[in-house]
Amino acid sequence: DVQVADKEEQNRLREEYFKLEQDMERYNTALMVSEEYQAEQERLEREWEESNLTANLEALKKVRRHMPVMIRNMSEAELTNTPTPNGKFLPNAIAKKFKRTNILQCLRLNPDDIERMHPATVEGFRVTGLTLTERRALYLHLKPIGPKWEKNKAEKMTERKWTWFKMMKNNFKENLAPYQRHVDQYGPPGSHPYATRENPDTGCPLIGKQCPLKADKVIDYDGDYGFTEEDEYEHSDVRKADTDDPGAKAMQEALELAREKKANER
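Mapping to this note's numbering: the sequence shown position 24 is 8, numbers consecutive.
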(Lines of atoms letter the chains of each structure in order from A and count residues from 1; the text may use other names and numbers.)
(Lines give C-alpha, C1' and ligand atoms only; values in the text may rest on other atoms or scores of the structure.)
Protein backbone atom coordinates (compact mmCIF):
# COMPACT_ATOMS: atom_id res chain seq x y z
CA ASP A 1 0.00 0.00 0.00
CA VAL A 2 1.68 3.20 -1.21
CA GLN A 3 1.64 6.05 1.30
CA VAL A 4 1.96 9.65 0.09
CA ALA A 5 1.61 12.94 1.96
CA ASP A 6 -1.11 14.24 -0.34
CA LYS A 7 -4.31 12.37 0.60
CA GLU A 8 -6.04 13.22 -2.67
CA GLU A 9 -3.06 11.87 -4.60
CA GLN A 10 -3.09 8.72 -2.49
CA ASN A 11 -6.79 8.17 -3.19
CA ARG A 12 -6.19 8.71 -6.89
CA LEU A 13 -3.39 6.12 -6.86
CA ARG A 14 -5.58 3.64 -5.04
CA GLU A 15 -8.37 4.06 -7.56
CA GLU A 16 -5.92 3.64 -10.42
CA TYR A 17 -4.48 0.48 -8.82
CA PHE A 18 -8.01 -0.89 -8.32
CA LYS A 19 -8.82 -0.33 -12.01
CA LEU A 20 -5.58 -2.02 -13.03
CA GLU A 21 -6.49 -5.00 -10.86
CA GLN A 22 -9.88 -5.25 -12.52
CA ASP A 23 -8.31 -5.00 -15.98
CA MET A 24 -5.84 -7.75 -15.10
CA GLU A 25 -8.63 -10.00 -13.82
CA ARG A 26 -10.59 -9.50 -17.04
CA TYR A 27 -7.46 -10.23 -19.06
CA ASN A 28 -6.76 -13.45 -17.14
CA THR A 29 -10.38 -14.57 -17.54
CA ALA A 30 -10.28 -13.92 -21.27
CA LEU A 31 -6.95 -15.74 -21.54
CA MET A 32 -8.24 -18.84 -19.75
CA VAL A 33 -11.23 -19.20 -22.04
CA SER A 34 -9.27 -18.56 -25.22
CA GLU A 35 -8.72 -21.39 -27.68
CA GLU A 36 -4.95 -20.95 -27.43
CA TYR A 37 -4.99 -21.35 -23.65
CA GLN A 38 -7.26 -24.40 -23.81
CA ALA A 39 -5.06 -25.97 -26.49
CA GLU A 40 -1.95 -25.38 -24.37
CA GLN A 41 -3.58 -26.93 -21.30
CA GLU A 42 -4.62 -29.96 -23.32
CA ARG A 43 -1.08 -30.32 -24.68
CA LEU A 44 0.41 -30.18 -21.17
CA GLU A 45 -2.11 -32.74 -19.94
CA ARG A 46 -1.26 -35.11 -22.81
CA GLU A 47 2.45 -34.77 -22.05
CA TRP A 48 1.82 -35.48 -18.37
CA GLU A 49 -0.22 -38.59 -19.23
CA GLU A 50 2.40 -39.88 -21.67
CA SER A 51 5.32 -39.25 -19.29
CA ASN A 52 3.65 -41.28 -16.52
CA LEU A 53 2.05 -44.07 -18.54
CA THR A 54 4.93 -46.56 -18.25
CA ALA A 55 5.38 -46.06 -14.49
CA ASN A 56 1.61 -46.21 -13.91
CA LEU A 57 1.30 -49.46 -15.86
CA GLU A 58 4.18 -51.04 -13.95
CA ALA A 59 2.60 -49.96 -10.65
CA LEU A 60 -0.71 -51.54 -11.63
CA LYS A 61 1.01 -54.83 -12.48
CA LYS A 62 2.98 -54.79 -9.21
CA VAL A 63 -0.05 -54.34 -7.00
CA ARG A 64 -2.10 -56.96 -8.85
CA ARG A 65 0.66 -59.56 -8.41
CA HIS A 66 -0.16 -59.32 -4.71
CA MET A 67 -3.96 -59.30 -5.04
CA PRO A 68 -6.32 -62.24 -5.62
CA VAL A 69 -9.16 -61.64 -8.05
CA MET A 70 -11.77 -62.41 -5.37
CA ILE A 71 -10.18 -60.03 -2.84
CA ARG A 72 -13.53 -58.62 -1.74
CA ASN A 73 -14.76 -62.06 -0.67
CA MET A 74 -11.74 -62.85 1.52
CA SER A 75 -10.97 -61.79 5.08
CA GLU A 76 -7.55 -60.66 6.30
CA ALA A 77 -7.03 -64.07 7.88
CA GLU A 78 -7.87 -65.86 4.64
CA LEU A 79 -5.51 -63.62 2.69
CA THR A 80 -2.56 -64.39 4.97
CA ASN A 81 -3.26 -68.09 5.61
CA THR A 82 -4.13 -69.20 2.09
CA PRO A 83 -1.14 -70.10 -0.13
CA THR A 84 -0.82 -67.84 -3.16
CA PRO A 85 -0.61 -69.32 -6.70
CA ASN A 86 3.19 -69.61 -6.41
CA GLY A 87 3.12 -71.15 -2.92
CA LYS A 88 3.88 -68.06 -0.87
CA PHE A 89 1.85 -66.40 1.88
CA LEU A 90 0.78 -62.78 1.64
CA PRO A 91 2.39 -60.58 4.34
CA ASN A 92 0.10 -59.32 7.09
CA ALA A 93 0.85 -55.68 6.24
CA ILE A 94 -0.32 -56.09 2.64
CA ALA A 95 -3.46 -58.03 3.58
CA LYS A 96 -4.36 -55.39 6.15
CA LYS A 97 -3.78 -52.61 3.62
CA PHE A 98 -6.00 -54.24 1.00
CA LYS A 99 -8.89 -54.73 3.40
CA ARG A 100 -8.70 -51.46 5.31
CA THR A 101 -7.83 -49.12 2.45
CA ASN A 102 -10.57 -50.71 0.42
CA ILE A 103 -10.28 -48.40 -2.60
CA LEU A 104 -7.46 -50.76 -3.67
CA GLN A 105 -9.97 -53.58 -4.18
CA CYS A 106 -11.24 -51.64 -7.21
CA LEU A 107 -8.21 -52.97 -9.07
CA ARG A 108 -10.08 -56.29 -9.25
CA LEU A 109 -13.37 -54.74 -10.36
CA ASN A 110 -14.29 -54.17 -13.97
CA PRO A 111 -14.25 -50.40 -14.70
CA ASP A 112 -17.70 -50.81 -16.25
CA ASP A 113 -19.00 -52.00 -12.86
CA ILE A 114 -17.32 -49.11 -11.06
CA GLU A 115 -18.87 -46.68 -13.53
CA ARG A 116 -22.34 -47.87 -12.53
CA MET A 117 -21.74 -47.70 -8.77
CA HIS A 118 -23.84 -45.49 -6.55
CA PRO A 119 -21.97 -42.23 -5.75
CA ALA A 120 -22.23 -42.99 -2.03
CA THR A 121 -20.22 -46.15 -2.67
CA VAL A 122 -17.31 -44.46 -4.44
CA GLU A 123 -17.33 -41.57 -1.96
CA GLY A 124 -17.20 -44.10 0.87
CA PHE A 125 -14.05 -45.88 -0.30
CA ARG A 126 -11.24 -45.49 2.23
CA VAL A 127 -8.24 -43.75 0.65
CA THR A 128 -6.13 -42.75 3.66
CA GLY A 129 -2.44 -43.59 3.50
CA LEU A 130 -2.15 -44.53 -0.15
CA THR A 131 1.43 -44.80 -1.39
CA LEU A 132 2.48 -43.29 -4.71
CA THR A 133 2.66 -46.76 -6.28
CA GLU A 134 -0.93 -47.42 -5.19
CA ARG A 135 -2.08 -44.03 -6.48
CA ARG A 136 -0.43 -44.73 -9.84
CA ALA A 137 -2.18 -48.09 -10.13
CA LEU A 138 -5.58 -46.70 -9.15
CA TYR A 139 -5.35 -43.74 -11.50
CA LEU A 140 -4.53 -45.90 -14.50
CA HIS A 141 -7.35 -48.31 -13.66
CA LEU A 142 -9.95 -45.57 -13.11
CA LYS A 143 -8.79 -43.32 -15.94
CA PRO A 144 -11.19 -44.71 -18.64
CA ILE A 145 -14.18 -43.93 -16.40
CA GLY A 146 -13.35 -40.25 -15.85
CA PRO A 147 -14.38 -38.96 -19.30
CA LYS A 148 -17.65 -40.92 -19.10
CA TRP A 149 -18.56 -39.34 -15.77
CA GLU A 150 -17.50 -35.92 -17.04
CA LYS A 151 -19.69 -36.29 -20.14
CA ASN A 152 -22.78 -37.01 -18.01
CA LYS A 153 -22.01 -34.71 -15.08
CA ALA A 154 -25.19 -32.70 -15.71
CA GLU A 155 -26.90 -35.55 -13.88
CA LYS A 156 -26.46 -34.94 -10.14
CA MET A 157 -25.54 -38.49 -9.17
CA THR A 158 -22.93 -38.67 -11.92
CA GLU A 159 -21.58 -35.24 -11.00
CA ARG A 160 -20.73 -36.57 -7.54
CA LYS A 161 -18.74 -39.41 -9.07
CA TRP A 162 -16.98 -37.01 -11.46
CA THR A 163 -16.06 -34.79 -8.48
CA TRP A 164 -14.67 -37.82 -6.65
CA PHE A 165 -12.59 -38.84 -9.68
CA LYS A 166 -11.13 -35.33 -9.98
CA MET A 167 -10.21 -35.45 -6.29
CA MET A 168 -8.40 -38.75 -6.78
CA LYS A 169 -6.52 -37.42 -9.81
CA ASN A 170 -5.54 -34.16 -8.11
CA ASN A 171 -4.31 -36.02 -5.02
CA PHE A 172 -2.22 -38.26 -7.27
CA LYS A 173 -0.66 -35.25 -8.97
CA GLU A 174 0.01 -33.55 -5.62
CA ASN A 175 1.85 -36.65 -4.38
CA LEU A 176 3.72 -37.20 -7.62
CA ALA A 177 5.15 -33.68 -7.97
CA PRO A 178 7.38 -33.64 -4.82
CA TYR A 179 8.44 -37.24 -5.51
CA GLN A 180 9.59 -36.28 -9.00
CA ARG A 181 11.42 -33.18 -7.75
CA HIS A 182 13.20 -35.33 -5.16
CA VAL A 183 14.20 -37.92 -7.77
CA ASP A 184 15.46 -35.20 -10.10
CA GLN A 185 17.66 -33.85 -7.31
CA TYR A 186 18.95 -37.04 -5.66
CA GLY A 187 18.37 -39.84 -8.16
CA PRO A 188 15.78 -42.58 -8.83
CA PRO A 189 15.30 -45.86 -6.93
CA GLY A 190 18.42 -47.98 -7.24
CA SER A 191 20.58 -44.91 -7.69
CA HIS A 192 19.55 -42.80 -4.71
CA PRO A 193 22.49 -42.34 -2.31
CA TYR A 194 21.87 -41.10 1.21
CA ALA A 195 23.91 -38.58 3.17
CA THR A 196 26.15 -39.98 5.92
CA ARG A 197 28.06 -38.53 8.84
CA GLU A 198 31.21 -38.84 6.80
CA ASN A 199 29.62 -37.19 3.75
CA PRO A 200 26.69 -35.10 5.02
CA ASP A 201 26.55 -32.96 1.88
CA THR A 202 26.34 -35.86 -0.58
CA GLY A 203 23.07 -37.67 -1.28
CA CYS A 204 19.54 -37.50 0.10
CA PRO A 205 19.52 -35.90 3.58
CA LEU A 206 16.01 -37.05 4.55
CA ILE A 207 15.50 -39.70 7.23
CA GLY A 208 12.93 -42.50 7.13
CA LYS A 209 9.59 -41.77 5.51
CA GLN A 210 10.58 -38.13 5.06
CA CYS A 211 12.24 -39.41 1.90
CA PRO A 212 9.53 -39.88 -0.76
CA LEU A 213 11.20 -43.05 -2.05
CA LYS A 214 11.16 -44.68 1.39
CA ALA A 215 7.59 -43.50 1.98
CA ASP A 216 6.55 -45.27 -1.21
CA LYS A 217 8.12 -48.50 0.07
CA VAL A 218 6.15 -48.60 3.33
CA ILE A 219 4.17 -51.24 1.45
CA ASP A 220 6.68 -52.90 -0.86
CA TYR A 221 5.23 -54.31 -4.08
CA ASP A 222 8.52 -55.41 -5.64
CA GLY A 223 7.78 -59.07 -4.87
CA ASP A 224 5.64 -61.49 -6.85
CA TYR A 225 2.97 -63.64 -5.19
CA GLY A 226 1.75 -65.25 -8.38
CA PHE A 227 -1.59 -63.50 -8.79
CA THR A 228 -2.37 -62.44 -12.35
CA GLU A 229 -1.35 -58.94 -13.35
CA GLU A 230 -3.85 -58.92 -16.20
CA ASP A 231 -7.31 -57.31 -16.37
CA GLU A 232 -9.03 -60.21 -14.62
CA TYR A 233 -11.99 -59.14 -12.50
CA GLU A 234 -14.50 -60.37 -10.00
CA HIS A 235 -17.64 -61.43 -11.86
CA SER A 236 -20.55 -59.04 -11.53
CA ASP A 237 -24.22 -59.84 -12.08
CA VAL A 238 -25.22 -56.19 -11.98
CA ARG A 239 -26.51 -55.06 -15.35
CA LYS A 240 -26.69 -51.55 -16.64
CA ALA A 241 -30.09 -50.01 -16.09
CA ASP A 242 -32.13 -48.40 -18.83
CA THR A 243 -31.21 -44.72 -18.53
CA ASP A 244 -34.69 -43.79 -19.72
CA ASP A 245 -36.27 -45.70 -16.82
CA PRO A 246 -35.68 -43.81 -13.55
CA GLY A 247 -37.21 -46.64 -11.52
CA ALA A 248 -34.87 -49.24 -12.99
CA LYS A 249 -31.92 -46.94 -12.50
CA ALA A 250 -32.80 -46.31 -8.85
CA MET A 251 -33.25 -50.04 -8.25
CA GLN A 252 -29.88 -50.80 -9.81
CA GLU A 253 -28.15 -48.18 -7.68
CA ALA A 254 -29.80 -49.49 -4.51
CA LEU A 255 -28.77 -53.07 -5.29
CA GLU A 256 -25.21 -52.03 -6.03
CA LEU A 257 -24.98 -49.98 -2.83
CA ALA A 258 -26.25 -52.92 -0.75
CA ARG A 259 -23.77 -55.23 -2.45
CA GLU A 260 -20.87 -52.87 -1.77
CA LYS A 261 -21.80 -52.52 1.90
CA LYS A 262 -21.90 -56.30 2.30
CA ALA A 263 -18.50 -56.69 0.64
CA ASN A 264 -16.96 -54.01 2.87
CA GLU A 265 -18.16 -55.78 6.01
CA ARG A 266 -15.88 -58.72 5.29
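Cβ atoms here follow ideal geometry from the backbone N, Cα and C, with glycine treated the same way.
>> Quick check on the DSSP output: what are the complete alpha helix (DSSP H) runs of length 4 or more inside the stretch 13 to 89, in order along the chain?
In response: Counting whole runs of 4 or more residues, the stretch 13 to 89 contains the alpha helix (DSSP H) stretches 19 to 48, 60 to 65, 76 to 84.
>> Measuring alpha carbon to alpha carbon, tell me which residue in A138, L114, Q169, D208 is nearest E158.
In response: Working through the sequence shown from its first residue, we reach residue 158 at position 174. Measuring from the Cα of E158, the nearest candidate turns out to be L114.
> Taking the alpha-carbon positions, what's the V167 to D200 distance?
Replying inline: Working through the sequence shown from its first residue, we reach residue 167 at position 183. Working through the sequence shown from its first residue, we reach residue 200 at position 216. The alpha-carbon atoms of V167 and D200 are separated by roughly 12 Å.
> Should W133 go down as buried or exposed, given a rule of 16 or more other Cβ atoms within 10 Å for buried?
Replying inline: Residue 133 sits at position 149 when you count from the first residue of the sequence shown. So W133 ends up on the buried side.
>> Within 10 Å of its beta-carbon, does V106 have 16 or more other beta-carbons around it, so buried, or fewer, so exposed?
In response: The residue labelled residue 106 in the question sits at position 122 within the sequence shown. Around the beta-carbon of V106, 16 or more other beta-carbon atoms lie within 10 Å, marking it buried.
> D96: which of T66, P128, R120 sits nearest, CA to CA?
Replying inline: For the purposes of this step, residue 96 is identified with residue 112 of the sequence shown, where counting begins at 1. Considering only alpha carbons, the answer is P128.
> Do L122 and M152 have their C-beta atoms closer together than 8 Å?
Replying inline: The residue given as residue 122 occupies position 138 in the sequence shown. The residue given as residue 152 occupies position 168 in the sequence shown. For L122 and M152, yes; Cβs fall inside 8 Å.
> How long is the line joining the alpha carbons of A138 and Q89, rounded to whole angstroms?
Replying inline: Along the sequence shown, read from residue 1 onward, the residue named residue 138 stands at position 154. Along the sequence shown, read from residue 1 onward, the residue named residue 89 stands at position 105. Answer to the nearest angstrom: the Cα atoms are 28 Å apart.
>> If I follow the unbroken alpha helix (DSSP H) through F156, where does it start and stop?
In response: Residue 156 sits at position 172 when you count from the first residue of the sequence shown. Per DSSP, F156 belongs to the alpha helix (DSSP H) from 140 to 170.
> By how many angstroms is the C-alpha of Y21 removed from the C-alpha of K46?
Replying inline: Here residue 46 is taken as the residue at index 62 of the sequence shown, counted from 1. Here residue 21 is taken as the residue at index 37 of the sequence shown, counted from 1. Whole-angstrom Cα-Cα distance: 37 Å.
>> For E42 and F73, I'd like the C-alpha separation in whole angstroms.
In response: By one-based count along the sequence shown, residue 42 stands at place 58. By one-based count along the sequence shown, residue 73 stands at place 89. Straight-line Cα distance between these residues: approximately 22 Å.
> Which of the three DSSP states, helix, strand or coil, is assigned to Y178?
Replying inline: Position 194 of the sequence shown, counted from the first residue, corresponds to residue 178. In the structure shown, Y178 sits in a strand (DSSP, three-state: E or B).
>> My assumption, with CB atoms under 8 Å, is that G210 sits in contact with N70. Please give the rounded CB distance.
In response: Indexing the sequence shown from 1 puts residue 210 at position 226. Indexing the sequence shown from 1 puts residue 70 at position 86. About 3 Å; that satisfies the 8 Å criterion.
> What separation, rounded to the nearest whole angstrom, lies between the Cα atoms of K145 and N154?
Replying inline: If you number the sequence shown from 1, residue 145 lands on position 161. If you number the sequence shown from 1, residue 154 lands on position 170. So the two alpha carbons sit approximately 14 Å from each other.
> In angstroms, rounded to a whole number, what distance separates the CA positions of P184 and H176?
Replying inline: Working through the sequence shown from its first residue, we reach residue 184 at position 200. Working through the sequence shown from its first residue, we reach residue 176 at position 192. Spanning the two alpha carbons is a distance of roughly 14 Å.
> With L91 and H125 assumed to form a contact (beta carbons below 8 Å), what rounded beta-carbon distance in angstroms separates them?
Replying inline: To locate residue 91, count along the sequence shown from 1; it is residue 107. To locate residue 125, count along the sequence shown from 1; it is residue 141. In this structure, L91 and H125 form a Cβ contact; the two beta carbons are roughly 5 Å apart against a cut-off of 8 Å.
>> Could you check whether F109 and I87 sit closer than 8 Å to each other, using their CB atoms as the reference points?
In response: Taking the sequence shown and counting its residues from 1, the one referred to as residue 87 is at position 103. Taking the sequence shown and counting its residues from 1, the one referred to as residue 109 is at position 125. Yes. Within cutoff.
> Can you tell me whether T112 is buried or exposed, with buried defined as 16 or more other CB within 10 angstroms of its CB?
Replying inline: Working through the sequence shown from its first residue, we reach residue 112 at position 128. With fewer than 16 other Cβ atoms within 10 Å, it is exposed.
> Do you know whose CA, among E29, F82, L(-3), lies nearest R49's CA?
Replying inline: If you number the sequence shown from 1, residue 49 lands on position 65. When only C-alpha atoms are compared, the closest one is F82.
> Residues bridged to C195 by DSSP?
Replying inline: Residue mapping note: residue 195 aligns to position 211 of the sequence shown, counting from 1. Per DSSP, C195 has no beta-bridge partner at all.
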